Structures are given as structure tokens and as C-alpha cells.
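>
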Amino acid sequence: MKLKIITGLSGSGKTTALRAYEDLGYYAMDNAPAYLVEKFIELNKYQEKPIEKMAVVIDFRSFSLDNDIFKSIKSLKEANKDTEIIFIYCNDEIIQKRYNELRRPHPLGEYGNVSDGLEKEKNLLKPLRDISDKLIDTTNYKIAELRQVIESSGDKKNNIIINLISFGYKYGVSADFDFVFDVRFIPNPFYVEELKKLNGTNKKLANYLDQFDIIKDFEDRVYGLINSLLPSYEKEGKNIITIAFGCTGGQHRSVYMVEKMYEKMKDDDYILIKRHREKDKW
Numbered sequence: 001m002k003l004k005i006i007t008g009l010s011g012s013g014k015t016t017a018l019r020a021y022e023d024l025g026y027y028a029m030d031n032a033p034a035y036l037v038e039k040f041i042e043l044n045k046y047q048e049k050p051i052e053k054m055a056v057v058i059d060f061r062s063f064s065l066d067n068d069i070f071k072s073i074k075s076l077k078e079a080n081k082d083t084e085i086i087f088i089y090c091n092d093e094i095i096q097k098r099y100n101e102l103r104r105p106h107p108l109g110e111y112g113n114v115s116d117g118l119e120k121e122k123n124l125l126k127p128l129r130d131i132s133d134k135l136i137d138t139t140n141y142k143i144a145e146l147r148q149v150i151e152s153s154g155d156k157k158n159n160i161i162i163n164l165i166s167f168g169y170k171y172g173v174s175a176d177f178d179f180v181f182d183v184r185f186i187p188n189p190f191y192v193e194e195l196k197k198l199n200g201t202n203k204k205l206a207n208y209l210d211q212f213d214i215i216k217d218f219e220d221r222v223y224g225l226i227n228s229l230l231p232s233y234e235k236e237g238k239n240i241i242t243i244a245f246g247c248t249g250g251q252h253r254s255v256y257m258v259e260k261m262y263e264k265m266k267d268d269d270y271i272l273i274k275r276h277r278e279k280d281k282w
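Its first residue numbered 1, the sequence shown is counted upward by one per residue in the UniProt record's numbering.
1. Between P189 and Y169, which are expected to be in contact by the criterion C-beta below 8 Å, what is the C-beta distance as a whole number of angstroms?
2. Would you list the one or two residues that DSSP bridges to T7?
3. Name the DSSP bridge partner or partners of M261?
4. According to DSSP, what are the bridge partners of L272?
5. Going by beta-carbon coordinates alone, are S12 and Y89 separated by less than 8 Å?
6. State the beta-bridge partners of M54 as determined by DSSP.
7. What does the Cβ neighbour count give for L76, buried or exposed, with the cut at 16 atoms within 10 Å?
8. Spell out a yes or no on whether the segment 15 to 26 and the segment 90 to 100 are touching, meaning 3 or more CB-CB pairs, one atom from each, closer than 8 Å.
9. Would you check if the segment 118 to 125 and the segment 30 to 43 touch, i.e. whether three or more CB-CB distances between them fall below 8 Å?
10. Excluding the 5 residues flanking E52 on each side, which residues of the same chain have their C-beta closer than 8 Å to its C-beta?
11. According to DSSP, is T15 helix, strand or coil?
12. Under a three-way DSSP split, which group does V173 fall into?
13. Would N199 pass as a contact of Q148 if the rule is Cβ separation under 8 Å?
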């Protein structure tokens with residue numbers, strides 16, 4: 001059985017990840033003790049039509065149901081070779097904001113205090129984090145983008161997540177960008193009347209820009225640069241890389257380049273996400 005064990009901090013997106021796997025055809029279980037999952041897998045072998053893929057959330061809630069959860073998870077992984085442990089987390093500020101918006105107390109916090117509960121939860125889950133196969137930081141992800149991470153990961157062995165982002169210089173350059181490529185050298189469709197109101201995802205606009213030879217040369221050079229540097233990033237333990245393409249307003253040229261690079265890179269052995277930062281302004 002292909003098994004995904006989803007764990008991590010409360011409010012970081014574990015339920016979203018579980019639902020994404022469910023949509024991919026996985027049998028989904030939430031808050032299941034590891035020893036029961038192991039028994040379930042054993043019984044499943046004798047079914048006429050056994051379940052082939054399962055995703056399960058195991059977090060601090062399971063601790064009260066399992067005296068030695070780490071031993072149980074280790075045993076589970078040894079018994080089922082095709083098991084991947086995914087640890088989902090995000091920064092404290094985002095988690096606190098999510099709890100405040102929902103007006104929920106943290107179940108581990110004294111008097112429901114979120115900060116206190118979060119620290120206790122981190123300490124409790126550290127051994128699980130240390131043995132996880134994949135770490136996913138959801139700090140900058142919306143729900144749809146986290147689903148993209150899950151859906152695009154598939155059976156890829158490389159755990160590097162590459163974010164391709166388009167943006168407009170007039171709205172600022174984010175400090176989160178690892179690479180920034182200025183694509184204002186590309187002829188601007190804004191000055192072509194029939195293309196002015198379109199965006200870079202539009203086929204008509206893409207056909208117009210495809211005619212310029214410099215774009216293919218630029219695309220190949222960027223692709224070569226990224227692939228030459230990824231092994232070094234991975235060696236240094238950096239598994240999330242953000243590659244940004246900027247034009248004036250973030251509607252035409254930068255969007256077009258993100259779409260081009262996504263198509264070029266989507267079959268490579270890493271997790272690929274695309275986002276158009278200024279989409280709400282189009």
C-alpha cells in the first residue's frame with residue numbers, strides 16, 4: 001500500500017493536504033493512532049479489493065490514544081515500505097492569525113493561549129519532524145497553492161519545491177524571492193491595442209510574444225542556470241526556491257514567462273508551483 005502520513009503543527013494546513021490526497025484517490029483518515037493504521041493495513045491485505053493508497057493525519061491529538069506514538073510510526077514504516085511522512089508547518093505569526101480569525105483556543109495552551117500551545121506542540125512533534133521524509137512550509141501558500149504542492153509532488157523523488165511567481169515592479173519586489181528576472185526587455189503587449197487588456201495566460205498574447213527569438217534564448221538560459229544551481233541549494237538544505245519574473249505591472253510579460261517556464265519544467269523531478277501575484281489587479 002502507498003501510505004502518506006501527514007503530521008505537523010495545528011493550523012498549518014494538514015486538513016487541506018489530507019483533502020488534496022483524497023481528491024487524488026487516496027483513502028483518507030484523520031486523527032488515527034499509528035498502531036490502528038498498522039492493523040488496518042494488515043487487514044486490508046486480505047480484502048477482495050484491497051485499498052492501494054491511503055493518507056492519514058497523525059498529530060498531537062493521537063498521543064492520548066497511543067502510549068508510544070514514535071515507536072508505532074517507526075514500526076508502521078518498517079511494515080509498509082511505501083510510506084512517506086510529510087511534516088507541514090508555517091511560521092508562528094500565521095498560525096496565531098489563523099487561530100484568532102477562527103476565535104479558537106489552542107488545545108495545548110494554558111487557558112487556550114496560542115503562543116504557549118504552539119511551543120508545547122513544537123516540542124512534542126520534534127521527534128516526528130526529525131524522521132519526516134518531506135517538510136512543507138505553508139507560510140506563503142494559499143489553500144489552492146498547498147493543493148498544488150500535494151498534487152504536483154506525485155511520485156517525484158526530489159523534495160525541492162520551486163515557486164514560479166510573476167510580479168509587477170510598480171508594486172514592489174518581495175524579500176522572499178531567491179531569483180529575480182527582469183523581463184522588461186521583452187516587447188510590451190500593453191502598447192498593442194488588441195492585446196492591452198489581455199494577460200500573459202492568454203493564447204493570443206502568447207502567440208504574439210512567441211515570435212521574438214530572444215525569448216527562447218532567455219528561457220533556455222534561465223532553465224540551464226536553475227538546474228545547475230539546484231544541487232547546491234539541496235546540499236545546503238534549502239528545499240524551497242522562489243523564482244520571480246517581473247515586468248512593469250505584472251500582467252503581460254512576467255505572467256507569460258512564468259507560464260512558459262512552468263511548461264518547460266513541469267515534468268522535471270521536483271515539485272513545481274506557479275503563482276501570479278498581481279492577478280487581482282488585472
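No residue lacks a Cβ here, since even glycine has one placed at the ideal position from N, Cα and C.
Nothing here was measured: the structure is a model prediction, and the numbers come from that model.
So, from the listed chains and residues:
1. The pair is not a contact, with the Cβ atoms about 16 Å apart (cut-off 8 Å).
2. F87
3. Partner(s): none; M261 has no beta bridge.
4. I162
5. yes
6. L3, Y27
7. buried
8. no
9. no
10. M1, K2
11. helix
12. coil
13. no
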